[in-house]
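Presented below is the structure to which this report refers.
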Amino acid sequence: MRAGGRRAGLATLGVALLVSACSLAGGGAAHATGVRTELGCTSGGFLAFWDAAPCPGDEETGHDDGPGTEEPGQTEPTDPPASEEPGAQEPGTEEPDANAPGAATPGSALEPPAGPVPDAPADPAGMVFTPNPAILTASTLSIEGLHSLEIVTVDLADGSTSRALKITADRVVIGGFGLDVPTGDGGLDTTATTLTVEGSASIWTPSITAVLADGVEHVIDTLSQPDPAALGQLLKLRLPLLGMTADSVAYTDTDQAVYEG
């Protein structure tokens, strides 16, 4: 479905459902303003997110033939290699070095933090989010008037709680916006050239996985104190969107597609 221009009131099921709730009004951008827009704050809103968590596999050690394989009657050139095998086990003990922290430097952004996990006080906003957030992807992220990047604890619709990053700013512009809201039998995929939220904009997410300008993957999560300066350096973002609030939401060149399976 092509949305050339739309106008919407309060949208409670998320950016994707905000698009579907709008009616055609002409123009080149969809826009919702004049109300407090709350996204992803119902149990029927955003569903299921892929969380980039490394699953390291244990490397198997080499197969050594034990020294007991020596034939009793042979004391020829086969003996020296057999006698060297016990000593060869010592280099074999160096194998774990391949899994040492130094060997994991290419993915160092995914390594657990060295320091203590920061506290996550209850979010004073008191929002309740779905426990299964949707997938938000973006090529760029621009934030103007950043007020805070903090770690909070939020309530979920199933009665549990979750740690979350909370970004609060005057204006957030997401380039190459995509939102996948899957359901049990399919889902709704929404894309836009840009998504702009402004006016006391807040975004909640458990983590942000992105790529820096030098191509290195970078993860911002709640296990270590986030650096606000890093937000402006992120490209090719992927994150589970718990929710978003803003005074206005505007998006350009929007497409929606319902998929099955």
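Going left to right, the sequence shown walks through residues -25 to -1, 1 to 236 as mature numbering (1 follows the signal peptide of the UniProt record, and there is no 0) numbers them. Beta carbons are placed, not taken as given, at the ideal position from N, Cα and C, and that holds for glycine. These numbers come from a predicted model, not from an experiment.
Check: Contacting residues, own chain, Cβ-Cβ under 6 Å from residue 124 (five flanking each side not counted); Outcome: 142, 201, 203
Check: Residue 97 beta carbon less than 8 Å from that of residue 128; Outcome: yes
Check: Residue 217 burial status per 10 Å Cβ neighbour count (16 or more: buried); Outcome: buried
Check: For residue 213 and residue 224, the rounded distance between their alpha carbons; Outcome: 20 Å
Check: Three-pair Cβ contact test at 8 Å for the stretch 189 to 200 versus the stretch 136 to 154; Outcome: yes
Check: Neighbour flag for residue 138 against chain C, beta carbons, 8 Å; Outcome: Absent from the structure is chain C; it holds one protein chain and no more.
Check: Inter-residue spacing [alpha-carbon to alpha-carbon] between residue 187 and residue 160; Outcome: 35 Å
Check: For residue 205, the nearest candidate out of 103, 112, 183, 176 (CA to CA); Outcome: 183
Check: Coarse secondary structure for residue 208, derived from DSSP in three states; Outcome: helix
Check: Cβ-Cβ distance between residue 118 and residue 190 below 8 Å; Outcome: no
Check: Whole-angstrom distance between residue 236 and residue 102, CA atom to CA atom; Outcome: 31 Å
Check: Under the three-state DSSP convention, the category residue 201 falls into; Outcome: coil
Check: Best match in 178, 150, 126 for proximity to residue 95 [C-alpha to C-alpha]; Outcome: 126
Check: Under the three-state DSSP convention, the category residue 131 falls into; Outcome: strand
Check: Three-state secondary structure assigned by DSSP to residue 187; Outcome: coil
Check: Environment of residue 153 [buried if 16+ CB atoms lie within 10 Å]; Outcome: buried
Check: Contact under 8 Å by Cβ, residue 147 with residue 172; Outcome: yes
Check: Beta-bridge partners of residue 171, as assigned by DSSP; Outcome: 148, 225
Check: Whole-Å CB distance - residue 163 paired with residue 233, under 8 Å assumed; Outcome: 6 Å
Check: Start and end residues, beta strand (DSSP E) containing residue 194; Outcome: 192 to 196
Check: Candidates 222, 112, 230, 106, of which the one nearest residue 174 by Cα; Outcome: 222
Check: Per-residue DSSP class, three states only, for residue 92; Outcome: coil
Check: Option nearest residue 165 by Cα separation, candidates 100, 91, 99, 226; Outcome: 226
Check: Cutoff 6 Å; reference residue 111; Cβ partners in own chain excluding five residues on either side; Outcome: 154, 214, 216
Check: Anticipated Cβ contact below 8 Å, residue 132 with residue 105, distance rounded; Outcome: 6 Å
Check: Simplified DSSP state of residue 102, which is helix, strand or coil; Outcome: coil
Check: Local Cβ density within 10 Å of residue 229, reported as buried at 16 or more and exposed below that; Outcome: buried
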